[in-house]
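Chains as they are written, first to last, in the numbering used here: chain L, 3 to 317; chain C, 2 to 255. Think of the CB as a built atom: it goes at the ideal place given N, C-alpha and C, for glycine as much as any other residue. Keep in mind it's a predicted model, so treat the numbers as computed, not measured. Taking it in order: structure first as structure tokens, then the write-up.
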């Protein structure tokens, strides 16, 4: 066994909890972890693989959530096509963002994506109030109606989310080892050289940003259906901040790290929020300590420890 | 003989000017590069040699002038499009993918050459043709025993060779080499000169180099720059005996 397999095992254990302990609380927690993991896996393609720090992913996440909610509730669409549309709209908004933001890089890219995303947040609460329900949001977002299975039962919905999670993980894993993923790693490693050997850097960055937007849109739609609600908070910049923290905590640029980051973040959010109303501040403090103590995140720490206890196992 | 070889010139620039504010780094540069020749570009520091190379490869914005490759205007094209059109280059400061292996570096260059749209539905290892190209160039640049090691841990001389290998994978008609011998020891420099000779077979090479002995020995034609302009050009013997060059560059009194 190598460190990669150990990380995969850890992920497998976390997502199998509902099979071993099918009580309501653990199932709803793992459901949330699965959804945020889809978001994090997609976000890491941009952040960890291509090296672009985006603070605008809340926009794609929130837009996906509103798309699914509006299509199912107002237009009478079925859940699955609506979920597909959530991904398409998330990807389309990401593509639109990329045309503005990819002109700059680094901190300017982060700030520009943040500004664009806040623009959508503000519009959702004001100009688009008729559509979005303003600050009240939209309640009563449905879950899928498939094969006569009651997906309003969290235990059943878990299997639906698990299937989508595995699909999202497989696609992301394939992208990472495909020529596209390798080209993105090259851009992250040395943009000048990547461009000089013939990679169209901006087109590649736009492509991965769009793919990542599809992931965010789908996960946003799924979260809305999990909690039966969509509100402007999903579009708020703090949602982008949360996903950055999750991925950094777990280990950016790794396949399984972001999932572990989501799990730790969600477990702590669940537990801390029952202890104190200042839970978000404490979470921030834990994050700061973790990033100083383990700059490569949980995945990096696990890999390091594994290499240390298995002499010769280091790759 | 191919059509490109029959052509009078493969690369041509017309009245090139590159300005940084009020400072003109390159001005009034026009030149025609013939197919299959090795051009040595010399001049004192700050003469505009690298800026000219940047202007040709699309890394410097022109304030005036035009660039043509095979009579197609490429003035407005970004660097990657010029690479596709047949212009490869290496840099003064080594530009490689340091944390990847030597083989991975070359495979990336091979895939950039093979695919305009990068496939995402198959692992990169399944594309045999790009691995074969990478292997071929790995041998060509003499790094076959270093394929699996991280590029950042190569010696400086080998990193310079790898850079040339990366440029070769785009099968360039014109290769721009910016001081490939800078900072390498005497023995390694000999190997590098041999490599430059080999890669210049059948293609146009523009070489910036401070080692005069090497430039005079291997260049078919030498271009001397001073203060952003071309001062003189011609064969080595002509350049050596040109009083303007001796004064301006070699530091001798007229």
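Could you check where the alpha helix (DSSP H) with residue i kicks off and where it finishes?
i: residue 153 of chain L; result: Neither: residue 153 of chain L is in no alpha helix (DSSP H) and is coded neither H nor E.
i: residue 234 of chain C; result: Note, residue 234 of chain C: premise wrong, no alpha helix (DSSP H); beta strand (DSSP E) at 230–235.
i: residue 277 of chain C; result: In the structure as shown, chain C starts at 2 and stops at 255, and residue 277 of chain C therefore has no counterpart that could be examined.
i: residue 266 of chain L; result: 259–277
i: residue 209 of chain C; result: No alpha helix (DSSP H) contains residue 209 of chain C, which is instead part of the beta strand (DSSP E) from 205–209.
i: residue 144 of chain C; result: Neither: residue 144 of chain C is in no alpha helix (DSSP H) and is coded neither H nor E.
i: residue 95 of chain L; result: 81–103
i: residue 106 of chain L; result: It is not in any alpha helix (DSSP H) - residue 106 of chain L carries neither H nor E in the DSSP assignment.
i: residue 194 of chain L; result: 193–198
i: residue 175 of chain C; result: Not the alpha helix (DSSP H): residue 175 of chain C falls in the beta strand (DSSP E), residues 175–179.
i: residue 290 of chain L; result: 281–295
i: residue 251 of chain L; result: 239–252
i: residue 192 of chain C; result: 187–200
i: residue 218 of chain C; result: 213–219
i: residue 110 of chain C; result: 103–115
Give the DSSP-derived three-state secondary structure of residue i in the structure shown.
i: residue 19 of chain C; result: strand
i: residue 53 of chain L; result: coil
i: residue 75 of chain L; result: helix
i: residue 3 of chain C; result: With a pLDDT of only 45 at residue 3 of chain C, under 50, the local geometry of the prediction cannot be trusted, and the value read off the model is given with reservation. Three-state DSSP puts residue 3 of chain C in coil, outside helix and strand.
i: residue 255 of chain C; result: Note that residue 255 of chain C has pLDDT 47, beneath the 50 cutoff, so the model's placement of it is unreliable and the number below is only indicative. Note: residue 255 of chain C maps to coil in three-state DSSP.
i: residue 72 of chain C; result: coil
i: residue 277 of chain C; result: Residue 277 of chain C cannot be examined here, being either before or after the span of chain C that is shown, 2 to 255.
i: residue 151 of chain C; result: strand
i: residue 240 of chain C; result: helix
i: residue 317 of chain L; result: The pLDDT assigned to residue 317 of chain L is 43, lower than 50, so where the model puts this residue is not dependable, and the model offers no usable value.
i: residue 309 of chain L; result: helix
i: residue 25 of chain L; result: coil
i: residue 31 of chain C; result: strand
i: residue 60 of chain C; result: coil
i: residue 130 of chain L; result: coil
i: residue 143 of chain L; result: coil
i: residue 65 of chain C; result: strand
i: residue 156 of chain C; result: coil
i: residue 232 of chain L; result: strand
i: residue 123 of chain C; result: coil
i: residue 167 of chain C; result: helix
i: residue 47 of chain L; result: helix
i: residue 148 of chain L; result: strand
i: residue 11 of chain C; result: coil
By the DSSP assignment, the beta strand (DSSP E) with residue i in it spans what residues?
i: residue 43 of chain C; result: 39–43
i: residue 99 of chain C; result: Taken as a continuous stretch (DSSP letters only), residue 99 of chain C belongs to no beta strand (DSSP E), as it is neither H nor E.
i: residue 89 of chain C; result: 88–90
i: residue 222 of chain C; result: 222–227
Can you check whether the CB of residue j is closer than 8 Å to the CB of residue i?
i: residue 89 of chain C; j: residue 205 of chain C; result: no
i: residue 28 of chain C; j: residue 179 of chain C; result: no
i: residue 200 of chain L; j: residue 84 of chain C; result: yes
i: residue 215 of chain L; j: residue 95 of chain L; result: yes
i: residue 21 of chain C; j: residue 208 of chain C; result: no
i: residue 163 of chain C; j: residue 152 of chain C; result: yes
i: residue 58 of chain L; j: residue 118 of chain L; result: yes
i: residue 12 of chain C; j: residue 225 of chain C; result: no
i: residue 13 of chain L; j: residue 262 of chain L; result: yes
i: residue 192 of chain L; j: residue 92 of chain C; result: no
i: residue 217 of chain C; j: residue 233 of chain C; result: no
i: residue 206 of chain L; j: residue 189 of chain L; result: yes
i: residue 224 of chain L; j: residue 37 of chain L; result: yes
i: residue 49 of chain C; j: residue 23 of chain C; result: no
i: residue 111 of chain C; j: residue 82 of chain C; result: no
i: residue 246 of chain L; j: residue 52 of chain L; result: no
i: residue 106 of chain L; j: residue 114 of chain L; result: yes
i: residue 50 of chain L; j: residue 256 of chain L; result: yes
Margin query: With three or more C-beta pairs closer than 8 Å as the rule, is the region 294–308 of chain L touching the region 252–264 of chain L?
Written below: yes
Item checked: the region 172–187 of chain L: positions lying closer than 8 Å to chain C by Cβ -> 176, 177, 179, 180, 181, 182, 183, 184, 185, 187
Next item on the list: Answer yes if the region 278–297 of chain L comes into contact with the region 46–66 of chain L, meaning at least three C-beta pairs across the two stretches below 8 Å, and no otherwise.
Entry: no
Note to self: With three or more C-beta pairs closer than 8 Å as the rule, is the region 91–108 of chain L touching the region 230–250 of chain L?
What the structure shows: no
Checklist line | Residues of the region 227–257 of chain L with Cβ closer than 9 Å to any Cβ of chain C, in chain order | finding: none
Check: Would you call the region 123–130 of chain L and the region 140–153 of chain L touching, i.e. three or more CB-CB distances under 8 Å?
Finding: no
Next item on the list: Would you be able to state if there are at least three C-beta pairs under 8 Å between the region 194–212 of chain C and the region 13–24 of chain C?
Entry: no
Check: Which residues, taken in chain order from the region 109–123 of chain C, show a beta carbon closer than 7 Å to some beta carbon of chain L?
Finding: 109, 110, 112, 113, 114, 116, 119, 120, 121, 122, 123
Notebook entry, point to check: In chain order, what residues of the region 191–205 of chain L put their CB closer than 9 Å to some CB of chain C?
Noted result: 191, 192, 194, 195, 196, 197, 198, 199, 200, 201, 202, 203, 204, 205
Check: Quick one, which residues of the region 81–94 of chain C are near chain L if we go by CB-CB under 7 Å, in chain order?
Finding: 81, 84, 85, 90
Check: How do the region 200–214 of chain L and the region 13–22 of chain L stand: do at least 3 beta-carbon pairs fall below 8 Å, yes or no?
Finding: no
Checklist line | Validate contact between the region 155–170 of chain L and the region 209–224 of chain L using beta carbons, cut 8 Å, 3 pairs | finding: yes
Checklist line | Segment contact, 8 Å Cβ cut-off, at least three pairs: the region 100–115 of chain C with the region 143–160 of chain C | finding: yes
Margin query: Under 8 Å: do the region 73–84 of chain C and the region 51–60 of chain C share three or more Cβ pairs, one atom per stretch?
Written below: yes
Margin query: So if I threshold CB-CB distances at 9 Å, which residues from the region 128–150 of chain C count as touching chain L?
Written below: 128, 131
Checklist line | the region 164–198 of chain C: positions lying closer than 9 Å to chain L by Cβ | finding: 164, 167, 168, 170, 171
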